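Count along the sequence shown from 1, then add 1; that gives the number in our numbering.
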Amino acid sequence: MIDSHCHVDDSDFDADREAVIARARAAGVSRFLAIGSGDGPPDLEAGIRLAERYSDFVATVGVHPHKASVADAETFSRLPGLCQHPKVVALGEIGLDYHYDFAPRDTQHDVFVRQMDVAREAGLPIIIHSREAWDDTFSLLEKHWPAGLGGIFHCFSGGVDEMRRAVSLGFSLGFGGVLTYPKATNVHEAAREAPAEKLLLETDCPYLAPVPFRGKRNEPAYVQHTAARLAELRGVTLSEIDQLTTANFARLFPRAALKGTA
Ligand SMILES: [Zn+2]
């Protein structure tokens with residue numbers, strides 16, 4: 002199984018990071034995508050540090066929309082070089098967050114678009130964070146993100162309509178703990194209807210733990226609970242979901258397999 006979106010760098014894991022990773026491996030997690038947003042610029046290497054330390058980690062680099070206001074000229078001059086790191090497989094998470102609006106929306110747009118430019122130049126997929134900002138996210142992607150390079154709508158929390166729009170733009174869908182929440186019926190429906198080749202699993206840990214750990218600290222081992230719910234929704238076995246999502250990840254990030262062996 003693959004945790005396609007985790008924040009194992011988070012200080013929530015400082016006391017027991019090694020044990021958390023060991024538990025995930027014991028639970029069958031064979032690959033971790035460490036999201037490199039960290040606490041924001043000037044540090045851009047939160048994911049890279051993990052990927053350099055653990056052979057089964059690959060990483061992203063990128064400025065989270067919450068931190069768009071602190072991205073400066075130095076950030077944009079360093080990102081292209083970091084994309085060349087042998088274990089960096091995507092740019093992210095990038096996008097728009099209108100729930101918190103920690104950065105002015107104009108700034109969020111600008112930083113999102115500029116990072117799409119960096120990703121396009123590097124030939125890397127992008128990891129999208131979009132919260133209460135569907136229309137603007139889609140219209141910026143339509144304008145600035147060429148078909149073919151793809152990426153992931155992480156922590157997918159839309160319904161069938163948003164799923165279809167994301168898929169039509171070439172995106173895969175990262176399903177996390179929200180899928181296990183009984184009231185998330187729109188997300189259940191999207192997960193049932195989505196094309197099989199677009200399904201991915203993630204935790205977004207330490208946030209959004211799946212049932213039965215909802216409200217507690219999330220960790221990569223819990224991805225199995227989301228996998229089980231996805232299998233149930235689609236009427237297939239857990240092992241089929243495991244194989245499918247693992248193959249989907251490998252196809253989206255062809256460099257991840259090679260890089261993971263470093
Ligand atoms: Zn995240």
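C-beta atoms are modelled at their ideal positions from N, C-alpha and C, and glycine is treated no differently.
If you're wondering where the values come from, they're calculated on a predicted model, not measured in any experiment.
| Check | Outcome |
| --- | --- |
| Span separating the alpha-carbon of residue 192 from that of residue 247 | 16 Å |
| Ligand 1 heavy atom lying under 8 Å from the CB of residue 86 | no |
| Among 105, 253, 53, 118, nearest to residue 81 - alpha-carbon criterion | 118 |
| Nearest-angstrom Cα separation, counted from residue 234 out to residue 249 | 18 Å |
| Residue span of the beta strand (DSSP E) that contains residue 266, given as start and end | No information on residue 266 is available, as it lies outside the stretch 2 to 263 that the chain covers here. |
| Top-ranked residue by Cα proximity to residue 197, from 236, 22, 163 | 236 |
| Continuous beta strand (DSSP E) assignments of at least 3 residues falling wholly in the stretch 194–231 | 200–202 |
| Residue 198 CB to nearest heavy atom of ligand 1 below 8 Å | no |
| Whether residue 221 touches residue 4 by CB criterion (9 Å) | yes |
| Sequence-distant residues of its chain with Cβ nearer than 7 Å to residue 37 (five each side left out) | 45, 46, 47, 48, 49, 60, 61, 62, 63 |
| Residue(s) in a DSSP beta bridge with residue 60 | 35, 89 |
| Beta-ladder partner(s) of residue 176, from DSSP | 202 |
| Heavy atom of ligand 1 within 8 Å of residue 101 beta-carbon | no |
| 9 Å Cβ cutoff met for residue 171 and residue 159 | no |
| Any non-hydrogen atom of ligand 1 closer than 8 Å to residue 127 Cβ | no |
| Pair within 9 Å by beta-carbon distance, residue 127 and residue 141 | no |
| Which of helix, strand or coil DSSP assigns to residue 94 | strand |
| Whole-angstrom C-beta distance between residue 205 and residue 177, which should lie under 8 Å | 5 Å |
| Coarse secondary structure for residue 252, derived from DSSP in three states | helix |
| Nearest to residue 120 (by Cα), restricted to the options 79, 203, 108, 12 | 79 |
| Residue 154 (DSSP reduced to helix, strand or coil) | strand |
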